[in-house]
Structures are given as structure tokens and as C-alpha cells.
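Input: a single structure, listed below in C-alpha cells.
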Amino acid sequence: PNVNSFYSAEDDEICLVPVFIALVDDSLQVKISSEHSEYKWTDAEDAKRLLAWSGQRKSVEIIYDYFTNDKSTFKFIEIKI
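The opening position of the sequence shown corresponds to residue 129 in the working numbering, with each subsequent residue numbered one higher.
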């Protein structure tokens with residue numbers, strides 16, 4: 129529902145990062161890839177406190193709002209994996 133952006137001084141470019149959400153079965157084991165060192169399950173407020181950028185925090189608000197209110201105007205694409 130949202131695209132974050134940031135400027136990379138190293139590459140001298142503006143990067144666009146689409147935001148995704150996934151609904152998962154909480155009985156499954158989490159596997160993280162080599163570029164990550166840890167994960168954490170948290171609620172929306174804690175997530176916003178942990179995130180560095182305002183765009184990331186806004187993404188949490190958009191997603192939380194979608195799932196806690198009737199936002200039928202939002203149309204998301206479901207990707208089956």
C-alpha cells in the first residue's frame with residue numbers, strides 16, 4: 129500500500145522500496161536469510177518505535193489502519209506462495 133524512498137549518497141540515487149505485509153501461520157518456524165541477524169514479533173506501536181525512518185512508521189500506520197478498520201477502498205494484491 130506504500131512505497132518508501134531514501135537517498136543513497138554512496139550511489140547518488142534515490143531508492144524506492146515497496147512495502148509488503150505477509151500473514152503467516154504462527155506455528156511455523158521463522159527462517160531468516162544471511163543478510164539478517166535476527167527477527168522480532170511486535171505490535172504496531174512497538175514497531176513504530178523500532179523503525180528509523182518516518183516513511184517506515186507511516187507504513188505501519190497504513191497497515192494497522194487497514195486491518196483494524198473497514199477500509200474497503202484499499203485494494204491489495206494477494207500473492208499466493
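Just so it is clear, CB atoms sit at the ideal spot from N, CA and C, and this is done for glycine as well.
Nearest to residue i (by Cα), restricted to the options the options
i: T170; options: Y192, S162, S133; result: Y192
i: F195; options: A150, E138, Y135; result: A150
Separation of residue j from residue i, as counted between CA atoms
i: I190; j: C143; result: 20 angstroms
i: R177; j: K186; result: 12 angstroms
i: S133; j: S161; result: 23 angstroms
i: D140; j: G183; result: 20 angstroms
i: V152; j: I209; result: 11 angstroms
i: A175; j: K168; result: 9 angstroms
Assigned exposure category for residue i - 16 Cβ within 10 Å defines buried
i: V188; result: buried
Distance CB(residue i)-CB(residue j) smaller than 8 angstroms
i: P146; j: V158; result: no
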